[in-house]
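**Q**
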Amino acid sequence: MQGNYNAFYQEAQTFLGDRIYKDYLRRLVYGIDASCYRYIPQLVCKALNEAEIIKIYALAQKYKTPLTFRAAGSSLSGQACSEGVLVMASLGWQEISLHEDGQSVRLGCGVIGAQANHALKPQHQKIGPDPATIATAMIGGILANNASGMCCGVEQNSYHTLKSIRVILSDGTLLDTAQESSVQAFKKSHSTLLEGLLELRQEVLEDSNLHALIKKKYQIKNTTGYSLNALIDFSDPIEILSHLFIGSEGTLGFIAACELACVPDLPFKTCLLLFYENLNLAIEAVRILANNKDKISAAEVMDFACLASMQGVEGMPEVLNRVEPGYTCILVQLESDDLGILEANTIFVLQALENVPTILPIAKSADPKEYNTWWKIRKGLFPIVAGRRRVGASVITEDLCFSMEHLQEGIARLQNLLAVHGFKEHSVIFGHALSGNLHFVITPLLENEDERTQFSALVEDMAHMVASLQGSIKAEHGTGRMVAPFVELEWGKKAYGICQRIKALFDPEGLLNPDVILSEDPHIHTKNLKTSPLIAAPLESCMECGFCERACPSRYLSLTPRQRIVLQREIAHLQESQENQPLLEELLEGYAYLSDETCAACHMCATLCPLGIDSATIALKSRQEAKAPALAKSVLNHLDTTISALKGGLHATQIAQVLLGSENLQTWSMQAHLKLGTPAISKYMPQSNPYKLHSKPATKNVLYFSTCMNRAFAPSKFMPDRRSLQEVFESLCAKAGFGVLYPPSLPKFCCGKAFINYADLSAQNQEKNAQMFKELCKGGEIPIVLDHSACSAHLLEGFKDQGLQIYDMPIFIQEILLESLQIQPLQESVALYTMCASKRLGYQENMRALAQACVQGAVLEHADTLCCGFAGDKGFLTPELNQHALMDLARFYKDKNLKRGFCSSSTCEVGLSQQTHIPFQHIAYLVDACTR
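To convert a position in the sequence shown, counted from 1, into my numbering, add 502.
1. D1152 to T1144, Cα distance in whole Å?
2. For the beta strand (DSSP E) containing T754, list its first residue and its last residue.
3. For I670, which residues does DSSP report across the bridge?
4. Apply the 10 Å Cβ neighbour rule to P1450 and answer buried if 16 or more other Cβ atoms are within range, or exposed otherwise.
5. Do you know how far the Cα of K1250 is from the Cα of V613?
6. Determine the contact status of L1148 and H1424, defining contact as a CB-CB distance below 8 Å.
7. In three-state terms, what does DSSP make of E597?
8. Judging by CA-CA distance, which residue of I861, E837, L1195 and Q596 is the nearest neighbour of R1435?
9. Contact defined as beta carbons within less than 8 Å: I believe V607 pairs with S599. What is the distance between those atoms, to the nearest angstrom?
10. Which residue from L1113, C831 and P1040 puts its Cα closest to that of V815?
11. Specify whether the region 574 to 590 and the region 695 to 705 touch according to this definition: at least 3 beta carbon pairs, one from each stretch, less than 8 Å apart.
12. I'd like to confirm the pairing. Which residues does DSSP put opposite Q1423 in its beta bridges?
13. Counting only runs that start and end within the region 879 to 951, where is the alpha helix (DSSP H) found for 4 or more residues in a row?
14. Let me make sure I understand the geometry here. Which of I558, C760, R1125 and L1041 has the alpha-carbon closest to that of W595?
15. Nearest CA to the CA of K718: which residue from C903, A1214 and D1017?
16. Could you have a look at G1241 and say whether DSSP puts it in helix, strand or coil?
17. If we call anything under 8 Å between Cβ atoms a contact, is L768 one with D839?
18. Please give me, in chain order, every unbroken run of the alpha helix (DSSP H) with length at least 4 that falls completely inside the region 586 to 646.
19. Helix or strand or just coil, what does DSSP make of D1310?
20. Please name the residue or residues paired with E816 in a DSSP beta bridge.
21. If you scan the region 1133 to 1212 from start to end, which runs of the beta strand (DSSP E) of 3 or more residues do you find wholly inside it?
22. In the DSSP output, which residue or residues are listed as bridge partners for L664?
23. At a cut of 8 Å, does the region 735 to 747 reach the region 656 to 667 through at least three beta carbon pairs?
24. So, with DSSP's three-state summary, where would you put L1368?
25. Taking the alpha-carbon of E1046 as reference, which of D1303, S896 and S584 has the nearest alpha-carbon?
26. Tell me the DSSP secondary structure of S683 in three-state form.
27. Out of P739, A1074 and D869, which one is the CA nearest neighbour of T772?
28. If we call anything under 8 Å between Cβ atoms a contact, is F1207 one with L1248?
29. Going by DSSP, which residues form a beta bridge with Y523?
30. Grouping DSSP H, G and I as helix and E and B as strand, with all else coil, what is E1299?
31. Any idea if E1321 is buried or exposed, counting beta-carbon neighbours within 10 angstroms, 16 or more meaning buried?
32. Would you kindly work out how many angstroms separate the C-alpha atoms of A637 and N1191, rounded to a whole number?
33. When burial is assigned at 16 or more other CB atoms within 10 Å of the CB, is G1377 buried or exposed?
34. Within 10 angstroms of the Cβ of S737, are there 16 or more other Cβ atoms? Answer buried if so, exposed if not.
35. With DSSP as the reference, label T1062 as helix, strand or coil.
36. In three-state terms, what does DSSP make of R528?
Structure below.
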């Protein structure tokens, strides 16, 4: 590391502590984004607040170190990559504040777009920008890229819905345009900057040709270069400055927060599925649709290659099987808050389209179940195409925009370029038809010199083609590095000179995100391209898009699924090349904690991954290799003794809590954990379960396989209900007229989840359980209930399609017992957490419905915590994982003044109680408290 970076590191440690990284592993994995570029920063910082950003700026100025700001890292053009200092801003930047009853919303730069829409949903509003990555992309990136999507067009993007912005300039000055005092102070301190902007505006206004060019180019989507329309749209220099930040990609300063005007989230929708014999007919239909944009919210066009790629995919509509070569599809969506208006608009649009014949019958639907399957064609395109790419191939997505008059020619010429450069068989074209916005996906083998050359030539020829048709080389993905060499080609010398002067006004030393938007390197778009070393087959198709990261409980602590896969690729490369053994050993050493020990193996990443990739397999494979089968076999064969020993340990903990105090014991155990690696003891540690299990048969019975954990655990002394879970379930069953049968072999019963890393033991245990279930449940006649959702999920997966009635306890209560219970809802609001295994089973709605049936108040859930990170024993052995996983959830509940929370996992409940200071118990306790 160069001396100036080392000095930066030493000084930044004084205020960032352990949130600045210089080790290769984290510089590598944190430096990767969703683009096709690979840059490894010299340093990575995680900034939590504006004061830290200002100090980082000061160090950058002092040591002349370039800075790159990043939010989610989901951008595609290389604008979030860095060879200097990468500054990550997500945790700590999550402010959401609704104004004017949801007519506008104040958002921190670390808020995910979908989180903003979730907060606005009760007001039937949403933010205007709707990028396809909205479930991943953060507001800072959405604004910095002026990202848009299927519905927002030009009118509802960040630029046009911006009400105010909070930014920090390169000299460390904070400007909040919503605060008059901040604005006035800035006008005094930065009069030269503002005068410079006004001079640029005047220059543009006096040049009629340049003025006309700018006006015309922003009638369609355009993210090439800076937002030059700010110079003609506004006369107030503060407004010019604010809107120049939109689409500036971190090259003018740091976006900390903003206020956006909201747009209606209309409740009623109708969709049309249209198939045309060829592309030319489809474009005729697109022109008609574009002339009726006031009635249509979205129109997505897909070429034959798109449709062919989706044939045979599970869940796709049957009509795809009737598609023949050359066919083109348009998926149209209309929406309104009035059903009558919606129907009238639909009839009008269909009549307008009558002169353009479809090749297949028009499909029309207002049923979400039906039209959502149509949207699966469009939304599934990218992952399916990416998933089917050749081994080692990269996934590159580009987007262009043409005016409606040039759209047909633009598509034809793009198809020709793809064929000329060898990508006809490895590409698809689709896009937002109403905007003239086309996307194409290619999957080149960038390690192949010929394909690398073809890719470079394609980008260059494409840029010239788009410029010749007065289109946008980048419509919504941002300029980045991908088209930085072609900004002048698109805009011309005068406009490009304006862009250069804007950059100089804000960043005179060129330290902010160099080579992004403006670059003196004509080949920057072809440098530092990613390659894909061969890794395990289940991981190979990862596109590094980052969609998975929101689900990961370790995202604030160590690595995310995307980053774990990046690490696997680097390890595979070093192992194959044998070029740097010390670096390989360094990565393997770091892997042990950052990738393995801090992975909860919750599998939630697979639920958000477009390709269903489960990165938990990385850690599970390591754990299988490190297994101790003799010890595991002894534990399983003597489970009754093991549970007795566990009860003894819990009893000793109870005594220690009495003698030392629960808070003291918790503090001291954590200190010992940090120094010695011993287990952490929570204040909410369960007590030893003294309850004796005896069957209580009746006319109707249930086989209650109480899990090993809950046979040992009784509620902590800080819980409102101290009864054992078994006693509570027996009470509920008695009220509903059910008897409870405990299997004679229960003391030695284990579902097997704890032994999944031991293939032979797991198979033996599975066979033993199968025989036991067959004997006890009378061929599936008697239902089986388990009381820990993770164990239930394991058995449900292992015994599906075997004729057994296996229930997780909350589901049995809701589906079987509830109809026989008399409920008197409690007058309170409660917290609810559906643990990750239950979410994967699709039980979240069941849990919510069950809780809501029991209370008259609200059932409050934190929608974005998908896994608590307790992960069985991780909460005791790696407690920092649970702490970091629940940071957002704890903040959510902090001001809710709730007395109780409910879950369905005794281990998760320990961590939930610990981090929120709300006592969490199994949801059965809630149902029993309000039923007779």
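Glycine included, every Cβ here is placed at the ideal spot set by N, Cα and C.
**A** Per the coordinate set shown:
1. For the record, residue 1152 in the displayed sequence is Leu; it is not Asp. Using only the alpha carbons, I get a separation of about 12 Å.
2. Before going on, a small fix: residue 754 reads as Leu here, not Thr. It is not in any beta strand (DSSP E) - L754 carries neither H nor E in the DSSP assignment.
3. L676 and F756
4. Any answer about residue 1450 is impossible in this case: the structure gives the chain only from 503 up to 1434.
5. 48 Å
6. no
7. coil
8. This structure cannot speak to residue 1435, because the chain is shown only from 503 to 1434.
9. 7 Å
10. L1113
11. no
12. F1404
13. 906 to 922
14. C760
15. C903
16. strand
17. yes
18. 615 to 622
19. strand
20. None; E816 has no bridge partner.
21. 1202 to 1207
22. L762
23. yes
24. coil
25. S896
26. helix
27. D869
28. yes
29. V546
30. helix
31. exposed
32. 43 Å
33. buried
34. exposed
35. coil
36. helix
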